[in-house]
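Okay, so here's the structure we're looking at.
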Amino acid sequence: MAWQSLYALGRRLRKGRERGDAPSGVRPSIPLALAAGLAFWAACACAVSAGEHLGAGGCMLLALGCAAAALAALPLLRAPRGAYAAAMLVATLAGALNGAAGSAMLHAQGEVPTAEAVPFVLRAVEDGSETAYGRRVLAQVEEGFAAGAKVQVLFGGDADVLHGQRFVAEGSLQAVSGSSAEFLWGKGCVLQLGAQEVEHSPGQGVRDAVAAVRAKAVERIGSRGGQDAALVAALACGWRGSIDDELSCAFKAAGLSHLIAVSGAHLSLVVAFASAVLGALRCPRAAAVPLQAALILSFLLLSAASASAVRASIMAFCAMGSFFARRRPSSLSALGVCMMVFVALDPFVAVSVSFALSTLSTLGIVLFGRLFQCWIARAMRWAPRFARDALALTLASNVAATLYGSALFSQLSLVAPVSNVVAAPLFAPSCIGSVAVSLLAGLLPDIPWEVLQVGCVFPGILARAVRACAAVPYASVAVSWSPLAALAASGAIAAALYRLWPVPAARPQTRTPVRRQLAGVAAFAAACALTMLLGVAVAPGLFGGDRCAQMVMLDVGQGDAILLRGSEATVLVDTGNKPALLRQALARNGVTSLDAVVITHSDDDHFGCLADLKGVVQVPSVMVAEDGLSCPCASCETLRSDAEVLVGRDGLVGLSAGDRMEMGSMSLEVLWPVAYCDEGGNGDSLCLLVLVDADGDGATDYRGLLTGDAERGELASLVQAGALGPLDVLKVGHHGSKNALDERTVRSLDPTVSLISCGDNNRYGHPSAEALALLEEAGSEVFRTDVHGDVACRFDSDGMEVR
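Quick look at the structure:
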């Protein structure tokens, strides 16, 4: 039935073009299956989230309670009244039972005894990634001890592990702890395996053959270099490892990140375009159905038939069956059933971000696709029908997912409405071309690359269009709101749209003169330009700001990020390495532009988010230690590369001891390093003396010191040289490590307030008991991000306020 529904597009397009009629937008009813599916999903997600903290016993008690309540509610389903409410109650209890039982089983997995180092045979369930501490991949144990369990594998070496590949790793299993425990719990993983290296061990099955095809395609396309080829691998294979920070940030700023993730909405757009083309070409059904089937199967092959791709394919059928066969109640019921089946098979899917975004996007298409098609048909009669349909699908998919996605990633694109319009006609042909290139590269490795380059044309155009949209000033802003609140707001918007259902009034259809078509194009372009101009004008005033001199230690986890605000300039010192946390912190403090970013040194937890600022805040320059501009070590090279992504080569500035930066009521003086002696490491951290003239009389009222990761040795040198004296605010070096301070230095600095930036339950044990004891003995008031969150020191003529 799905293929018949898809094929119906071509005939309907042809008949519609002959008649010149616009699509009808009848509001669909909400079937019980959809409502029950949503209730089942939400209840399971709540139970899984709570299950992490309940323990195995608590989860079992919750599961038994839900089972008893569900059994007691079953007779209500036969009642003449209230059967709908009873069904919703049973679905909710069943979802909670499913989540609690899954959580109890996962807790049981985490209680396995720690084994000696033994070899494990595993299969990757996600693409591996590189971290500051080595490589990692989420895998499932296939043979031997703990078979069937999901394990995070941390390993060294240069080998890439892609989804679906089978490999061997030798190490000992340990329970996951620290800040990564919550993240991995949401993936159904509570075990960790450390290995020196991994060795690929492909089998002879179908899964291994599929994984091999994808690996060959990714390897060959990635080896060509260039971002057009990298985008091809992302669109067709879901491999984003070759996309550089610049293009990745451009997609985020333009609000188009969903285009490089295989999802139900993603596949719906592609199949819609293919069906429209086949229909316009009067392709016979006997040929059209296999071609569309081959397109979906190609995506499954190139994604190594990952669980997310399989779910996306099924959801795409639901969406397309609704959009083109006009059987939305049936498609909504099918979508509800799919939700329940997917979540029942794996309770941890309920808290999966990719599942949530894919489901919400598909739900938007099924519910509102025809409504958006009506409006777009009225507003853009001059556009080709397939382009209007692609745009309708794109906009409908964003109704329920946009706010939720922006909350998850702490970034809201202001140009997303325009960029979606620009990208919609380019996206589907880009995907089809990417699929063709990837299949040929994976199956026919000897085919010349010059032949494959033909399929890179549309991806190249798409990349340029995305960069153009992202280059608009204030293309996006950082936001900080709860995902639950965003989800509730999305639900309210969708409910209002569904309740009002503003279908445009019908009007006689006549052939539009060319001059009116051109006028329509011009009007549409003007509307797009106006939208962008409004974004530019409104964005700086979205947040209020206190222009009094401030030093704000931002809570960015285990990393440093200090916001300095003078009366005439705002500077960010370090960025941490968790982009979402940095964006949330900037949003909480109303930052939409910076006059400069200063990076103290080249450790990842101090500059790891530098490139991620692109498109979120306006930054003209990045400042580093002068020797860091020429240091040949790998970390300094990465720092320079990320800085160039953000501000270009001309925007990278070197600082030397004695340099001074004026910020109005605040100034910064560089004290350290005199010269590099630690290859850009902790000992080479920029140390900045912060001088505040709160009353504007030209005299310094407050003194602060930012130390990066500099420790007691560097501070002692500055004290001995007479460069430092008593301080009002000390940002303690190296997150308060045991080597950060010594007694003599603390007595010399005598800080009134000490700031320590560290992550909650971090694996390093920061801050150390030794550093805290020294500060306590000196009478300094200590503030920590893991305890207090953001800490703002506000300076004015009446005194210093810490809040």
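The sequence shown begins at -1 in my numbering and counts up by one.
For every residue, glycine included, the Cβ atom is placed at its ideal position computed from N, Cα and C.
- The C-alpha of Leu669 is placed about 20 Å away from the C-alpha of Ser663.
- Take Ser665, set aside five residues on each side of it, and the residues of its chain with a beta-carbon closer than 7 Å to its own are Arg658, Met659, Leu689, in chain order.
- Residues Pro200 of the same chain have their beta carbon placed closer than 7 Å to that of Ala210, with the five preceding and five following residues left out of the count.
- Counting every other CB atom within 10 Å of its CB across the protein chains shown gives Asp156 a total below 16, marking it as exposed.
- Of the residues Ala421, Glu775, Ala37, the one whose Cα lies closest to the Cα of Arg745 is Glu775.
- Comparing C-alpha distances from Ala469 to each of Leu229, Trp237, Glu124, Leu611 shows the shortest one belongs to Leu611.
- Taking Phe793 as the centre and dropping the five residues before and after it, the same chain places the C-beta of Ala547, Val690, Ala692, Tyr700 closer than 6 Å to its C-beta, in chain order.
- Note on Glu712: 16 or more other CB atoms within 10 angstroms of its CB, so buried under the neighbour-count rule.
- Ala348 and Val339 have their C-alpha atoms roughly 11 Å apart.
- Following the DSSP letters along the chain, one finds Phe346 in no beta strand (DSSP E), marked with neither H nor E.
- When C-alpha distances from Val166 are compared across Gln172, Glu195, Val188, the shortest belongs to Glu195.
- In this structure, His764 lies away from His786, with their beta-carbon atoms at least 8 Å apart.
- In the structure shown, Glu124 falls within a coil segment according to DSSP collapsed to helix, strand and coil.
- For Met58, the secondary structure class from DSSP, reduced to helix, strand or coil, is helix.
- Non-local C-beta neighbours of Ser304 in its own chain, meaning closer than 6 Å and more than five positions away in sequence, comprise His161, ordered along the chain.
- Gly169 is positioned such that its CB atom lies closer than 8 Å to that of Ala115.
- Counting along the chain, the unbroken alpha helix (DSSP H) around Lys250 starts and ends at 243 to 251.
- Trp499 counts as exposed, since fewer than 16 other beta carbons sit within 10 angstroms of its beta carbon.
- Its Cα nearest to that of Cys791, the residue Lys729 stands out among Tyr762, Lys729, Ala476.
- Within the model, the alpha-carbon separation for Gly646 versus Leu229 is close to 22 Å.
- The beta carbons of Trp237 and Asp125 sit closer together than 8 Å.
- A Cβ-Cβ distance of about 12 Å is found for the pair Ser735 and Gly706, leaving them out of contact under the 8 Å criterion.
- Fewer than three beta-carbon pairs drawn from the stretch 87 to 96 and the stretch 134 to 148 are found closer than 8 Å, and the two stretches are therefore not classed as touching.
- The C-beta separation of Ala231 from Gly224 comes to about 11 Å, leaving the pair out of contact by the 8 Å criterion.
- Under the three-state reduction of DSSP, Ser752 is assigned to strand.
- The alpha helix (DSSP H) runs lying completely inside the stretch 57 to 118 and spanning 4 residues or more are 81 to 108, given in chain order.
- Nearest neighbour of Ala487 by Cα position, chosen from Val571, Gly53, Leu401, turns out to be Leu401.
- Sorting Ala398, Gly367, Pro577, Ile28 by C-alpha distance to the C-alpha of Ala354 places Ala398 at the top.
- Non-local beta-carbon contacts of Thr568 in its own chain, meaning distances under 6 Å to residues more than five positions away in sequence, involve Leu592, Asp593 in chain order.
- Contact check for Cys685 and Ala708: beta-carbon distance about 5 Å, within the 8 Å limit, so the pair qualifies.
- For Val166, DSSP records a beta bridge to Val119, Glu197.
- The three-state secondary structure of Met378, taken from DSSP, is coil.
- About 14 Å separates the beta carbon of Gly588 from that of Leu580, a gap too long to meet the 8 Å contact definition.
- Non-local beta-carbon contacts of Leu747 in its own chain, meaning distances under 7 Å to residues more than five positions away in sequence, involve Leu722, Pro724, Leu725, Leu728 in chain order.
- Taking the C-beta atoms as reference points, Leu191 is found no nearer than 8 Å to Phe297.
- Within the model, the alpha-carbon separation for Leu412 versus Val717 is close to 49 Å.
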